[in-house]
Structure formats: C-alpha cells, structure tokens
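Participant:
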Amino acid sequence: MTATNRVSVTCVGCAGSKCRETIRAGVHTNNPILVQVIGICSALAVTSKLETALVMGIALILTATLSCFFMSLIRNITPPRIRMIVEIALISVFVICFDQILKAVYWDMSKQLGPYVGLIITNCILMGRLEGFALQNPPLLSLVDGFANGLGYALVLAIVGCVRELVGSGSLLGFAILPESVYQTNLLFVLAPGAFFTMGLLIWIVNAASPPKPEKKP
Amino acid sequence: MKFGRGGFLPRVPGRPSRHVDAAPLPERLVVELRRDGLTYVPAVRDSERVAFGAPLAWAEANGGRVALPAPAAGTVTIDSSDTGSAGSVVLNVTSHDIHPLGTPCTPERTTAEAMRQALAEAGIWPLIWSSRTGAMPALDGSETPNRILVNFVAAEPFRARGKVIWGEYGQNVTAGLRYLPRLLTEYGIINLTLTELDHPVAQRIRQETAGHAWIHIESVPVRYPVEHPRVLCQALRQSDPRFQREDVLWILDVQAVQAIGGCMTDGIPLHERVIAVGGPGASNPRHVRARIGTGIDRLLERGELTETKRVLRGGLFRGRPVDAAAAVGYDDDAVFVLPRPEGREFLGFAKPGFDRTSFLPCFASQLTTAAADRRLTTSLRGERRPCIACGLCEDACPMGLLPQVLHRYLYRDAIDEAERTGLPLCIGCGLCSYVCPSKLELRKQFSEAQVRLREEREQAAAAEAAHKRQEEAFLREKEHSEDWRK
Amino acid sequence: MRSDVRTLFFAAAFGTTCALVLTAVSRLAAPYRSANEKAEEMRNYLSALGVPFDEKASAKALIEIFDRNVVVQTNGRLRIYAFVPAGVSQEAMAFAVPLAGMGLWGPIKGVLALEPDLRTIRGLRFYQQEETPGLGGEIGAEWFVRQFKGKKLVSFTGEPGFRLVKKGMPLDENSVDAITGATMTSERVQTILRDVAAKVAEERGRHDRNE
Amino acid sequence: MNPIGNLLKRFKPLFDQGGGLRPLWPIFQAADNFFFSHVEEAEHAPFGRDPIDIKRYMSLVIVALLPSFLAALYFFGPRVLLMLAVSYAAGGLVEVLFALVRKEEINEGFLITGFIFPLILPPGIPLWMVAVGVVFGVLVGKEVFGGTGRNLFNPALVGRCFLLLGYPAALSKSWVVPQSGDWLLWWRALPDVPADAVTGATPLMLAKQGTHTPLWDLFIGHTAGCIGETSILMTLIGALFLITMRVASLRTILGSVLSFLLLGTILHWIAPTRVNPPSFNLLSGGFLFGAVFMATDPVTGPVTGAARWFYGVIIGGATLLIRSFSGYVEGVMFAILLGNICAPLLDEIVIRIHVRRYAREI
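Quick note, the sequences are listed as chains A, B, C and D, same order. Read left to right, the first sequence gives residues 1 to 218 (my numbering). Read left to right, the second sequence gives residues 1 to 486 (my numbering). Read left to right, the third sequence gives residues 1 to 211 (my numbering). Read left to right, the fourth sequence gives residues 1 to 362 (my numbering).
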C-alpha cells in the first residue's frame, strides 16, 4: 500500500517537473515564434490591434490544447500511415468549430480576423506540436504542451499587438492612450511590415537578453 | 604584351640614382644557408680555408645539386647558433681577388648539359624561374623551355633597374644573351621586356641584339608587379598565340643574364650583386655594387639603420625588415629604407594632400606631376575598419582576383570556397593590403590561407597514400593467408 | 492486409465522428451567422439611405428595420434599394445603388445614396477597400464622404459622372476635393462613380419615360 | 601641440583604464582620432601603406554633397541647418549608444548617413520626424545587422522609407515651393517653415496631372522636392567630383542612368501618356541624386565591380517602372532598396563566372 503510494507520489512529482519544463519550453526556451520562427504569417496579419491579436491567441490556445489532447488520446489507435491526415482533420474540426462560433456570436471580430482563423488549420505550430509531441506523449502532458505553445504564441502576439496598436493608432484595445493632438500615429505599424519590424526587434531583444545555446555539432 | 587591368606604381621619394657605387669590401662576409626556400648543407669544415668560387654549401634540388660559391677567398667559420634560421657560413676574407675558374668557351661550343652544370655550381641556377615548377627549373635536363623571357623592368620601388645594370655590365649582358639559346629548344624565342622602346638605352640594346632573329623585344607598362614571373607569364600567354599552355617558359632578370654572361665567358661565379638603396628614409639613394655576404649596414649611410627607420630587404611591397646582422644574399637587389612614423598629424584626413599620393586620385598631389608620397612611413595611415566593399583591391589586383570576396570567405573560414574563387592564383604582391582604406591585412590573410591549403592537400594526400598502403598490406596479408591455407 | 482494413475502418470512423461534430456546430451556428451576414449588408444600405436606426441594434432588429423601410428593385443592370418609410408615404424618399470597382491595391465596394430625383447625392459609403492607409484609405473617412452630400451626379453639360479635383481648385456642384497625395485612388474612385452614374442615367431615362 | 591637442591630453586620464569615464572611452577615442591621425605601424608586408583611409574616403562624399546642401540652404532657408543638426544629433546618439554597448570604435559611416538623410526629406517635415526617421534608419537599417560594413540596406533610405510609409499624409503635405528670396522670413519662422510658404506639388506629381515643369527650372532646382535633390546642377557637380576622385562607382552611375534613359525612351515611345519624356524624367525628382549618392554606397551595393553594372540597371529600370506604372510618383527610394536586396545575388553570379575562369587557370 505504502509502496504504491510512494510510486504514485513520485510519478506526480516527476510529472510536475516535466510539466513545468514543457510549459517553459513552449512559452520561452522553445517559443514557436521567437525561437522556431514558425506560424508567423497569421502573426503578421492579425496583430495590428491588440484585440484581434488576443482573440487570435485565444483561438490558437484553444485549438492547440484540444487537438493536442485528442490526438494524444487516439495516438495509439491511429494507423501511422494516415496520421498526418488525421492530424489535419482533427485540427480542422476544432478550428472550424471555433470559426463558426465566432461568426455566430462575435461577428465584428470574425470580420476583422478575416480568413486567418480558418488558416489556423495550416499553422505550422499545430502540426509541429501534434507531430512532434502529442504522438509520443500521454494526453495530459500533451494538453499542457499544446496549451503552453498556444500561450507562447498568444503572448508574442499580444506584445506585438500592443506595440503596433500603441504606435500605429495611439490606442490600446480601442481606448485612446496617446491623444491625437500630441501624438501622430505611424501607419507603417498598421501595415503588415510593422509586424515584421516589431517581431524582428522582439526576437533580437529576446536573443540578446538570453542568447540561444548553440546547437551541439554531432 | 597584353597585361590585364590592375597593378599600380606609387610615386615614392628616394629613387636611386643611376650612379653605381662600389660598397667597401669587408673583412668578414656572411653567407646565409637558406635561399629560395632551399636549405643548404655546408660543404666545408670549420676554420677550413677556401678559395674564391669554391662551393661553401650544397643543396639537392630538382634532380641536381646547386652550390653557394664562395664570394672571396678566406677562412670559414660555421655559425649554426641561430636556431631560427638554417645558420650561416662566415668567411674571414684573406683575399678579395676575383679570378676565373675553369676555361672559357664560346657559345657555339657549349652544350646545354655543361651550361646547366656550370650555372648550378656558380649559384646562378636558382635565379631562373620556370613556369613548370613555379620556382627554379629542373637540373636534370627534363625540361627545355620554348621561351626565355629576360626582364629589364623592375617596377617595385626600388629594385635595381635593368638599364643601370646594362650601363654597368653591358658586355656581360650581351654575352649572356648569346649563351641563353643553348638552353632553349630549337627555334625557341627569347623575349626581352623593356619599358619604352625608343629610350636611348633601349635603342642600344636593339642595336646590340639586331643580328639575332630569335630575340624579340617587347614593351611592358611600368606598373608594379609587372616583373612578377607569373604576371609576365600570364601576359605572354594572353598576347602570343604561338605560346601554348603546355610550353615551358623560363624567366630571368638582367642581373641573372649578366651573371650568366660572366660565368660562361670568364668562368666567374656569382659573387656580387647590384643593389638599389632607396626609399624615403635613404639619405643618398643610389645603386651599390656589393660583394655577396657584405653586411647590409655597410651599404647604408650612417644614421639609416637606427631606431627611427626600418630597413627592408627587397622593395616597398615585398620587402621584409632586417636587423643589423643581415648580409647581402645571392638574390638580393634592393634595400628599402622606410622612416618610422613620428607624431600625429592634426586633421590629416582633411588636408588637400600635396605631400601624399594614392591609388585613388583623391589627393591634391594629383594636380602636379612631380609630387611624391613624402609622408610614406611604416604607419598604417588610418584605423582598422571592417571591409566596406569599396572595390579598390579588385581594381588593384594584377591577377584579376576578387580580394574582397576572398576576404569574406576567409573571414568566415570558408577556405574551400576561397580556393575555388582563385586563392591559389594570388601571387602575394601585397597591392590589396597597400590600397585597402580599411587597412585589412589581406596579403597576410591570403598567404596564410594558401599555406593552410597546401598543408591540407598534403595531409589529404598523405592520408590517402597511407590508406592505400594499408589496403595493399591487407590484400597481401589475405593473399598470403590464402596461400598458406592452400 | 489486416492493417489495411484497420486503417480503412479507423478512417471511416474518425471521418464520421468529425463530420458529425462539424455538422452539429454548423447547424447550431447557422441562423446566427446568416443573420449577421445579412445585417452587415443592410447596415450599409440603411446608413447610406439615412434611415434612422440604432448602431448597436442586433442583427434581427436590423433586418426588421430594413424590411420595413426598404424596397429592393432590380431594373436591368442596376439593383436599386428604395427607401419607402413605413407608414409615412408610398413614395420613395431616397434610392441607393451599390458601387463596385477596382481600386489601387484591391477592390473597392460601397453604396451610393441618391435623392428621389436620381441626380443629387444623398450619401456615400465605402465599406470595403484596401487603399494605402492614410492616403487612399482616406476615402473611407468621414470628411471625404461628407463632401458629396448635396452634389450632383451629372455635370451641368448633362454628362453623367463626377469629378475629384485637386485641393485648392474651385469646386462646383459636380466636383469635390480629391485626396492630396492619393492621385491614383482618386482617379479610380472617379471612374467607379462615372460607371455608376452612367447606369443611373439609364435608369433615370426609364423612370422619366414611365412617368 | 595646438589647444585641441592639449585639451584631449588633459582629459585622457579620465577615459583611460581605471578612469572615471572609462565606459565612454569610444567617444573620447572617436574625437581623438578625428583630430589627430591614428598611428599604428604595419606589422606585415607591405610595410608602407597607401594614405587613403576610411575617414578620407567618407569625407570626400561629404564634400561632394556640399553643393547640393548649399543649394538646399539657398532654396529652403536656414531650416535645412536645423534638420541637419537634428539628424546628426539623433542618429549620432544611436550610433554612440551601440558603440558603447558593443565596446567598439565609433565608425565614420554615420557621417554620411546623417548628412544625406535630411537631404532626401521634404523641406516642411516636422523636426521630430527627422529624428524618428534617422533613429529608425540607423537602428533597423544598420545596427541590427552588426554596424557599418555589414548592413544590407542603405540606412538613410530605410529611415526615409519608414517615414514615407509611417506618415504618408504628413510627408505629402510637406512639399514647399522654394522661397529663395526672403531669408528674414525663413529665419523668423524657425523651427517651422513660414506660415505663408506655398505648399506645392513636386514636378513629378504635377506631371501625373499633365503639367510639365520647364526643364530649366528642374535643372537649376527651383521646384518643390526633397531639399537636396531638386538641383540637378549641384548633383552633377557632386557627381563629377565623386567620379574624378573615383570614390563613387562609375559603373553604378552609368548603369542606372543609361538604363533609365534607354528604357524611358522606349516606353515613352510606346505609351507617351503614361511615361514622361526621358529628359523630363531624368531631371525631375531624386533619380540623379539617388543614383549618384545613394546607389553608389559601396557597403549596400554589390561587392564585385562587374555586378555594379547590373545593379545600376536594376535601379534605373525599377525607378522608371515604379514612377510610370504604380501609385507612387517617385520610385528611386524603392528602386535602390530593391537593388540592395538583389546585390548579393548579382555578386553570386559574377563570382560564379570568375570561378569558371579560375578553374581554367589553376
């Protein structure tokens, strides 16, 4: 009895540290945008306002968490030959659901996000996590991983969105922060190149603050 | 002859006059045992007495032996204390007399074999450059040139000029020119390169050689490094369609021809050199005739070999600094005295610059023809900066290389790419380092990379050979065991 | 062979499940979604026509207002939205026609509202455009479209069309200030307006004949 | 020693190792090396070196820019000086900050960027925009890539591009007709342009609407436009200077101007309504200024000489196409940035050709 107890306790402890590690990787050390630089086309398109960036971030967190979880659940019964198609199908289901719900209850936002919610299906981050993590790990850990990566993406989007909305429109979440009489808005930050610069500078700052470890040569 | 773009002749003060002084004959002559990349083995013992012209040391090279003949008669001391160099032979002179060795013979009755032998023993052979080996030609007669190019031009500031030597030893040079065809194949051609064809000296040379149909006179521009054998070779290939790729070309300069003349007609070995002493730091720029082994300090006026000046052996571009102990070698023809920088100039970069000349026409000295680079010192004359890709090195490169691109490759250690982009063609003339406004050490970088490349190739070849040997041994072993099993 | 069957079975089961989920979600969301889409279009026409409505009204309410006040007729090439206020009169108080054409960087779409004489402009709205923000993008700005109110869609020589002229030039009832620095966009807008003016002129001819 | 020398000597201990201002050493060193030539002996052959150095090289470009600058001063009043001061101050600050953080020497490259930047701006632009533009240009156009010698894009053009895309309305409102006459008025209005200064369209904008400015006015520079680029005469003087000094690549300039004229003639013949006559096109706007002073920036252009021809052709052609067939009336800036992008590719092609040649010789 005590033995089993101890085993389960160590298991939980071990899972806890692993869980922390997974979250750290997704949000910081292996952040999908800052470190892997994938999935940035939606990040360029929807970050001109903080609000859209947040909604997009939430969309990705939800779809990533759910699809990672379910993929991990069925990972053992999925035939390896069709696993890619299954992954895509799974992602699409969640994305389309989210898109439909958005269109039904949050019309304005859906209009602003345009096709980008739908395009989450082709987002490399999701495919990468499913293929690289969920297929090898238990459901709960996969859920955490999906959530962490979504969170990493959402955080970067939020920061970029913050900067772009503040510099580009002088407001945050639609509230004017910098009065128009004093501050002249910079339209470059409203356009997609603004996201390029902001994201590039952000990556630069993060890398300068904590230089990425050089890959070990085999 | 057709020369590619590139090359440059800076206007440097201190050009040696045409006057040739005789250097004092010292009691002690120093002969270094290293020459042209060969290390010589002493042929004499300590405190042995040698006669004039007797071999002091031998070296095995290219299927034969070349000698260092004694420049004077005297007693020998072998100095091998210097660990860095190969050591030297010190000659305490008993007699400065020069007398012929062996019997003179006419060009018509000389064979190529005998001539090669005589030149090798007289220490003249290494003065010849062969396009096949990239250094001195083979001694065993395995290569016979279709062409010999005698170069009168010395563009690098300041090396002994062909015209001065002609003026001093005209007879010996013509004699040498008569002997050279012995070394050629039948119907081979001798090219003479001069700067201007209508110069009085040039006209005299033409008169002298008028009867010889095999001597062709060519004009070359005075642009450093026009005298470099590989530049001359490339120019000849490009201008003369009869000169094929597989043809062998030998190149030698006037002083070598003069030595050949002396050696073949009178049997006198290489024992003295005409040296141009010049440069902005030289107080009396002139030519000096010096016995080989004379200390370089004896060529200089007092005060030139001090802390404030740097004495280079060789011209401005390829010269390397020497100390007080250095002596005239068998192949020296220039001593360049360069002052060291003193003090800092106020707003120097903004001055019009009547006292400096440059590769770029961006100093006021361009307006006058007489101006020279009077501020030339050993200073870099600027701060070291990253490459800004100005392209000056590409304009200056005589081999048509892209030094800025090579620099980029070598900067990120891409030596293979640098090799493909022509690194082995670099002749180390140093013009790219000279003109670089960012003061990059391009020449150093390239020559180091060339050395590395050669080492890598050698290692690879050695490894391959070892592998092959191992394989063969294995096969033999296998065969052997199979035999044994049978 | 067994694995093939298994794969097939899995694919079928998985596909069916996904399809079921999607269908369910879609069916649940469909009414809201289509209402939103329709309301979006109507909102543009209502505001261009000047029909009073609450900006924050729900989709349902908007459709109701639209149905009550607007009559849609399709005459030839032109689709005309007539504003017939419910319970006030039988005569149309205003007409609206859709605008469409290519802008500098992408399509421009909008609504042009006209007074009953089909000559005087009552309002103009661009609801879709991708012009340079700050320059061409100003066509969506209030100051730009406000200029059009009360202007005529026909030049006084009787030719249909509208002119956007450089700032500082004298204006007449057939022209407004163009956007400084956005010559290309202004030209495109002018072309779109000329097209629609031609169609309206045709329609007006039919109208006049009918009367 | 002159007074400056004495001053530098007196403050040197403060900046030396252990001094109180040690972290600011690069600033002291930059000043020191500016006034007094740097002395360092060559350690490798050749032991004598050419007197050309980066300072001289860069200062020649500044000299070549002076005529254009003086013309700008004449046409657009003393405000030009103020713009120059702001540009140098703001950009220099970024440059110095980076030098301090990286503990590197301050490079001379910024001298040109800071000088050229105000010359490619409209005369009425607010001063804070000058500062923002040059800061962005130096930061994103240069420092991000590692500083002078490593940047892909011309920093001044990056800064201007940023302003044009970021504040298009403000920029398009800032064109002022040259008011050469009343200097007093321009002085009084500082730091702004005089209230009654006439805002006017540039010749290229006017040409889009069908009015062609007389060629003589274009040549002299009596037109609205960026302050340094209006006077073709002064640009030509600068160009002549740079070409005789061989600081600017003649290949780039010829490549761009010839392709511009050739393509312009052909297209004008095909579509005379869309494409301005080549003479007008050449003399209006900033094409010549860009081709002479910005396209020839060695760092952002191709490395190899042969590639500079094609680089010029890309710039000339792209300028013409952008001017004639896009929404922008002026295209030099984008054309040069486009050329900057293509430069490494052109180099690669030239290097390949060279490699093939070397393979035969080695």
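Idealized CB from N, CA, C, for every residue including glycine. Predicted model, so just to flag it, every value in this text is computed and none were measured.
Is any beta-carbon of chain D found at less than 7 Å from that of Asn186 (chain A)?
Facilitator: Looking up residue 186 (chain A) in the first sequence gives position 186. Asn186 (chain A) counts as touching chain D.
Participant: Output needed in chain order: residues of the segment 133-144 of chain D with a Cβ under 7 Å from some Cβ in chain A.
Facilitator: Cβ contacts with chain A come from Val140, Val144.
Participant: Please check the pair Val89 (chain B) and Val76 (chain B), which I expect to be a contact at CB under 8 Å, by giving their CB distance rounded to whole angstroms.
Facilitator: The residue you call residue 89 (chain B) lines up with position 89 of the second sequence. The residue you call residue 76 (chain B) lines up with position 76 of the second sequence. Confirmed, about 6 Å.
Participant: So, for Ala35 (chain C): in the same chain, excluding its five sequence neighbours on each side, which residues have a beta-carbon less than 8 Å away from its beta-carbon?
Facilitator: Numbered from its first residue, the third sequence carries residue 35 (chain C) at position 35. Only Ala59, Lys60, Ile63 meet the Cβ criterion.
Participant: Helix, strand or coil: which one does DSSP assign to Gly221 (chain D)?
Facilitator: Your numbering for residue 221 (chain D) matches position 221 in the fourth sequence. Three-state result, Gly221 (chain D): coil.
Participant: Can you tell me which of C:Leu193, C:Ala141, C:Gly150, C:Ile139 puts its alpha carbon nearest to the alpha carbon of Phe162 (chain C)?
Facilitator: Working through the third sequence from its first residue, we reach residue 162 (chain C) at position 162. Selected option, being the one with the closest Cα: C:Leu193.
Participant: Can you tell which of D:Gly146, D:Pro277, D:Thr230, D:Leu163 has the C-alpha that lies nearest to the C-alpha of Gly210 (chain D)?
Facilitator: Locating residue 210 (chain D) in the fourth sequence gives position 210, where the first residue counts as 1. Closest option to Gly210 (chain D), Cα to Cα, is D:Pro277.
Participant: Under 7 Å, do Ala389 (chain B) and Val303 (chain D) count as touching if we go by C-beta distance?
Facilitator: Position 389 of the second sequence, counting from 1, holds the residue named residue 389 (chain B). Position 303 of the fourth sequence, counting from 1, holds the residue named residue 303 (chain D). A contact, by the Cβ cut-off of 7 Å.
Participant: For chain A, check one thing: does any of its Cβ atoms lie closer than 7 Å to the Cβ of Leu100 (chain D)?
Facilitator: Indexing the fourth sequence from 1 puts residue 100 (chain D) at position 100. So no, Leu100 (chain D) is outside the interface.
Participant: Just the chain E side, please: which residues come within less than 7 Å of Leu191 (chain A) by C-beta, in chain order?
Facilitator: In summary, chain E is missing from the structure at hand, where the protein chains are A, B, C and D.
Participant: Run through chain D and tell me which residues come within less than 9 Å of Phe197 (chain A), C-beta to C-beta.
Facilitator: One-based indexing of the first sequence puts residue 197 (chain A) at position 197. Those within 9 Å of Phe197 (chain A) in chain D are Phe136, Val140, Phe162.
Participant: Tell me the DSSP secondary structure of Gly132 (chain A) in three-state form.
Facilitator: Here residue 132 (chain A) refers to the residue found at position 132 when the first sequence is read from its first residue. Note: Gly132 (chain A) maps to helix in three-state DSSP.
Participant: Quick check on DSSP: helix, strand or coil for Thr273 (chain D)?
Facilitator: One-based indexing of the fourth sequence puts residue 273 (chain D) at position 273. Thr273 (chain D) falls in the coil class under three-state DSSP.
Participant: Taking just the CA atoms, how far does Glu458 (chain B) sit from Ala473 (chain B)?
Facilitator: Numbered from its first residue, the second sequence carries residue 473 (chain B) at position 473. Numbered from its first residue, the second sequence carries residue 458 (chain B) at position 458. So the alpha carbons of these two residues sit roughly 22 Å apart.
Participant: Based on Cα-Cα distance, which residue from A:Leu113, A:Val156, A:Ala148 lies nearest to Phe69 (chain A)?
Facilitator: By 1-based counting over the first sequence, the position of residue 69 (chain A) is 69. Nearest C-alpha to Phe69 (chain A): A:Ala148.
Participant: Looking only at its own chain, which residues have a Cβ that is under 6 Å from the Cβ of Tyr169 (chain B), when we skip the five neighbours before and after it?
Facilitator: Here residue 169 (chain B) refers to the residue found at position 169 when the second sequence is read from its first residue. Contacts found: Gln258.
Participant: Do you know offhand how far Gly316 (chain D)'s Cα is from Leu258 (chain D)'s?
Facilitator: As a working mapping, residue 316 (chain D) is identified with position 316 in the fourth sequence. As a working mapping, residue 258 (chain D) is identified with position 258 in the fourth sequence. For Gly316 (chain D) and Leu258 (chain D), the distance between alpha carbons rounds to 8 Å.
Participant: Over what stretch of residues does the alpha helix (DSSP H) that includes Ser219 (chain B) continue unbroken?
Facilitator: Numbered from its first residue, the second sequence carries residue 219 (chain B) at position 219. Looking at the DSSP string, Ser219 (chain B) is not in any alpha helix (DSSP H); the run it does join, the beta strand (DSSP E), is 215-219.
Participant: Our contact map puts Arg310 (chain B) next to Arg340 (chain B) with C-beta atoms below 8 Å; I'd like the distance itself, whole angstroms only.
Facilitator: For the purposes of this step, residue 310 (chain B) is identified with residue 310 of the second sequence, where counting begins at 1. For the purposes of this step, residue 340 (chain B) is identified with residue 340 of the second sequence, where counting begins at 1. Rounded, the Cβ-Cβ distance is 6 Å, consistent with contact.
Participant: Does the Cβ of Thr17 (chain C) lie closer than 6 Å to at least one heavy atom of the ligand PLP?
Facilitator: Annotation note on the ligand PLP: not contained in the displayed structure, which lists no ligands.
Participant: Sort C:Gln128, C:Arg146, C:Leu118, C:Glu138 by Cα distance to Met184 (chain C) and report the nearest one.
Facilitator: Residue mapping note: residue 184 (chain C) aligns to position 184 of the third sequence, counting from 1. Comparing Cα positions, the closest option is C:Glu138.
Participant: Identify, in the order they occur along the chain, each residue of the same chain with its Cβ nearer than 7 Å to the Cβ of Arg223 (chain B), setting aside the five sequence neighbours on each side.
Facilitator: If you number the second sequence from 1, residue 223 (chain B) lands on position 223. For Arg223 (chain B), where only same-chain residues beyond five positions count, the Cβ hits under 7 Å are Gly7, Phe8, Leu9, Ala155.
Participant: Can a CB atom of chain D be found closer than 7 Å to the CB of Tyr411 (chain B)?
Facilitator: Walking along the second sequence from the start, residue 411 (chain B) turns up at place 411. By this cut-off, Tyr411 (chain B) is not an interface position.
Participant: In angstroms with no decimal places, state the Cα-to-Cα distance between Ser324 (chain D) and Trp175 (chain D).
Facilitator: Residue numbering aside, residue 324 (chain D) sits at position 324 when the fourth sequence is read from its first letter. Residue numbering aside, residue 175 (chain D) sits at position 175 when the fourth sequence is read from its first letter. Distance between the alpha carbons of Ser324 (chain D) and Trp175 (chain D) is about 21 Å.
Participant: Going along chain A in order, which residues have a C-beta closer than 8 Å to the C-beta of Ala295 (chain D)?
Facilitator: For the purposes of this step, residue 295 (chain D) is identified with residue 295 of the fourth sequence, where counting begins at 1. The premise fails here: Ala295 (chain D) is roughly 22 Å from chain A at the closest Cβ pair, so nothing lies under 8 Å.
Participant: Quick one: any contact between the segment 442-457 of chain B and the segment 323-340 of chain B, if contact means 3 or more CB pairs under 8 Å?
Facilitator: Flag = no, the segment 442-457 of chain B and the segment 323-340 of chain B do not touch.
Participant: Going by other Cβ atoms of all chains shown within 10 Å of its Cβ, with 16 needed for buried, is Thr4 (chain A) buried or exposed?
Facilitator: Indexing the first sequence from 1 puts residue 4 (chain A) at position 4. Interpretation of Thr4 (chain A) is limited by its pLDDT of 43, a score under 50 that renders its predicted location unreliable; no figure is taken from the coordinates.
Participant: Flag Ala169 (chain D) as yes if its beta-carbon sits less than 7 Å from any beta-carbon of chain B, otherwise no.
Facilitator: To locate residue 169 (chain D), count along the fourth sequence from 1; it is residue 169. Taking Cβ atoms only, chain B never reaches closer than 7 Å to Ala169 (chain D), which makes this a no.
Participant: Flag Cys97 (chain A) as yes if its beta-carbon sits less than 7 Å from any beta-carbon of chain C, otherwise no.
Facilitator: Taking the first sequence and counting its residues from 1, one reaches residue 97 (chain A) at position 97. Yes, contact with chain C.
Participant: Report buried or exposed for Glu227 (chain B), applying the criterion of at least 16 other Cβ atoms within 10 angstroms of its Cβ.
Facilitator: Residue numbering aside, residue 227 (chain B) sits at position 227 when the second sequence is read from its first letter. Looking at its Cβ environment, which holds 16 or more other Cβ atoms inside 10 Å, Glu227 (chain B) is buried.
Participant: Could you tell me which whole beta strand (DSSP E) segments of length 3 or greater appear in the segment 86-144 of chain C?
Facilitator: Listed in chain order, the complete beta strand (DSSP E) runs (minimum 3 residues) inside the segment 86-144 of chain C are 94-102, 107-114, 121-128.
Participant: Where Phe95 (chain C) and Pro160 (chain C) are concerned, what is the direct C-alpha to C-alpha distance, given to the nearest angstrom?
Facilitator: What you label residue 95 (chain C) is simply residue 95 of the third sequence in a count that begins at 1. What you label residue 160 (chain C) is simply residue 160 of the third sequence in a count that begins at 1. Rounded to whole angstroms, Phe95 (chain C) to Pro160 (chain C) spans 17 Å at the Cα level.
Participant: Per the contact definition of three or more C-beta pairs closer than 8 Å, is the segment 134-147 of chain D in contact with the segment 155-166 of chain A?
Facilitator: As far as the Cβ criterion goes, the segment 155-166 of chain A does not touch the segment 134-147 of chain D, which means the pair count is below three.
Participant: So, are the CB atoms of Glu394 (chain B) and Gly305 (chain D) less than 7 Å apart?
Facilitator: Within the second sequence, residue 394 (chain B) is the residue found at index 394, counting from 1. Within the fourth sequence, residue 305 (chain D) is the residue found at index 305, counting from 1. In contact: Glu394 (chain B) and Gly305 (chain D) (Cβ atoms closer than 7 Å).
Participant: Could you check the C-alpha separation between Ala85 (chain D) and Thr122 (chain A) for me, to the nearest Å?
Facilitator: By 1-based counting over the fourth sequence, the position of residue 85 (chain D) is 85. By 1-based counting over the first sequence, the position of residue 122 (chain A) is 122. Near 50 Å, if we compare the C-alpha coordinates of Thr122 (chain A) and Ala85 (chain D).
Participant: Checking 7 Å against the spacing of the C-beta atoms, do Leu164 (chain C) and Ala182 (chain C) come in under that value?
Facilitator: In the third sequence, residue 164 (chain C) corresponds to position 164, counting from 1. In the third sequence, residue 182 (chain C) corresponds to position 182, counting from 1. No, these two residues do not count as a Cβ contact at 7 Å.
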